[in-house]
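Protein chains in written order, with full-length UniProt numbering: chain A, 1 to 253; chain B, 1 to 253.
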């Protein structure tokens, strides 16, 4: 999450530190967590400089932990991606997410507890994975593919789709007077979102305000660059999901 | 804690971000916390760049929160304070703490719960403050006074006394083969530590491994510079608490 936030400015992540707060330290569990952090740092070409492990048995319940992270990146002032050049007619390209990523878990927990579903139940239409596995799919790290496009000068704006979904994360990178028109049929919504919507009886608006719905990173680019990016994407999946229009906010169609 | 850690390298804190994780957001409470952070940033001449507020009602108990912070500082490579020049006969100077600072609270909670004491009880020998007030005394931020001495070229090593107390924090800045001899009668131990020791029936060794015992920052300097610092300290309290000796670890006498 940290490094995906950083690249939205066109910056290259430099280093990362974690904060791991738990009851009494479970070394095996901590090792698994650190292994994941190391993998994330590798994927984002970022140094794991250190971190803080806090044991608070009087505060955290046994076996539970909270984890946060902090990263610093670097970009030349003249090369900051800030959305200022975005204009009507520009194109929104979406990079697929692996699932819910790291947002919306309070709602996920409510759906699980209200529906009585088990994490070990098979997730419908997903092949053979369980709901638990789908929920724990690691967040996609977009650093390398995004920076490649940024360095090629093809990116006007970047939105990391986190809490608030498209609705909150896309418009805030636009100049005033511009909004987004998003074609919700233009990408494949992962099965976990369909399952959450159905089991939690959640309306589209709330789904879109809470979850990424299958798109974890949005690039705003000119129509010409968009064509260029899409025709050179090779085996990568990149969706053309909408365009920049007069107005404000996000219109879903 | 973050900026006190940073100055131990002789670095100047640049910016700070917080992570505030809670159940449902209590705006009044969050405002008080942020106010404290702002005050800490002012005291350390550090910019509060931003932060992350995480609402996790399914995880944190109502009214509870965890708080962590992250800071970045800067120092020229050639001016890093790393303890390499420390030698036998060098002097340890101690800056007073305001109390337990931010370490040892698991033990504090155990003492409170085992002894049945109330946070509203008066703390003996403290004038008129309660145990709760003594425990909540803000951590002293040593940034400005430490950097002043660092910039004057008078500091060989710095130890921020956190979890592990003198025992863990002082020796690790020494070159191999050197230890510390600390005169435990050389400074005033704040009443909260005497109270914790008595109510928790905690031996000296555990007290010293857990708490700062009244000294929050230790400077290692030459005998000449020590004399100079002590004679120019004005109204500030700085204790001469010990010296560097052959050996390892910390000897208390």
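Ideal Cβ positions, reconstructed from N, Cα and C, are used throughout, including at glycine. Owing to the predicted nature of the structure, the values given are computational and were not obtained by experimental measurement.
Counting other Cβ atoms within 10 Å of its Cβ, residue 212(B) reaches 16 or more and is therefore classed as buried. DSSP places residue 194(A) in the helix class (H, G or I) of the three-state scheme. Judged by DSSP secondary structure, residue 66(A) falls within the beta strand (DSSP E) whose first and last residues are 65-74. At a cut-off of 8 Å between C-beta atoms, residue 56(A) counts as an interface residue with respect to chain B. For the region 97-127 of chain B, the residues whose beta carbon sits under 7 Å from a beta carbon of chain A are, in order, 106 and 109.
Put simply, the region 142-152 of chain A does not touch the region 108-123 of chain A. Fewer than three CB pairs are less than 8 Å apart. Separation of the CB atoms of residue 99(A) and residue 13(A) is rounded to 22 Å, and the pair is thereby denied contact status at 8 Å. Neighbours of residue 21(B) across chain A, judged by C-beta separation under 9 Å: 21, 66 and 68.
Rounded to the nearest angstrom, the Cβ distance from residue 141(A) to residue 214(A) is 17 Å, too far for a contact under 8 Å.
For the region 153-204 of chain A, the full-length alpha helix (DSSP H) segments reaching 4 residues or more read 165-169 and 191-200 along the chain.
Scanning chain B for C-beta atoms nearer than 9 Å to the C-beta of residue 17(A) yields 70, reported in chain order. The Cβ-Cβ distance between residue 80(B) and residue 15(B) does not fall below 8 Å. Rounded to the nearest whole angstrom, the CA to CA distance from residue 184(A) to residue 240(A) is 11 Å. Assigned with DSSP and collapsed to three states, residue 47(B) falls in strand.
When DSSP reads this structure, residue 55(B) sits in a beta bridge with 22(B). Using a Cβ distance threshold of 8 Å, residue 175(A) and residue 249(A) do not count as a contacting pair. The beta carbon of residue 52(B) falls within 8 Å of a beta carbon belonging to chain A, placing the residue at that interface.
Here residue 46(A) is buried. Its C-beta has 16 or more other C-beta atoms within 10 Å. Take residue 237(B), set aside five residues on each side of it, and the residues of its chain with a beta-carbon closer than 8 Å to its own are 95 and 96, in chain order. Secondary structure of residue 245(A) (DSSP, three-state): strand. Under the Cβ criterion (8 Å, minimum of three pairs), the region 128-141 of chain A does not count as touching the region 74-90 of chain A.
Boundaries of the beta strand (DSSP E) around residue 93(B): 91-96. Bounds of any beta strand (DSSP E) do not take in residue 132(B); it lies within the alpha helix (DSSP H) bounded by 131-135. One Cα belongs to residue 17(B), the other to residue 133(B), and the distance between them is close to 26 Å. Close CB contacts of residue 29(B) within its chain, under the 6 Å cut and outside five residues either way in sequence, are absent. For residue 221(A), the number of other beta carbons within 10 angstroms of its own is at least 16, and it is reported as buried. Residue burial is scored here from C-beta neighbours: residue 85(B) has fewer than 16 other C-beta atoms within 10 angstroms and is therefore classed as exposed. A direct Cα-Cα distance of roughly 16 Å separates residue 199(B) from residue 208(B). In this structure residue 21(B) is buried. Its beta-carbon is surrounded by 16 or more other beta-carbon atoms within 10 angstroms. Excluding five sequence positions before and after residue 243(A), the CB atoms of its chain that fall closer than 7 Å to its own CB belong to 89, 90, 91, 92 and 181, given in chain order. By the CB criterion at 8 Å, residue 233(B) and residue 177(B) fall outside the cutoff.
In the DSSP annotation of this structure, residue 120(A) is not part of any beta strand (DSSP E), being labelled neither H nor E.
Residue 251(A) is classed as exposed because its beta carbon has fewer than 16 other beta carbons within 10 Å across all chains shown. Residue pairing by DSSP places residue 100(B) in no beta bridge whatsoever. A distance below 7 Å between beta-carbons, with the five flanking residues on each side excluded, links residue 50(B) to the following residues of its chain, in chain order: 17.
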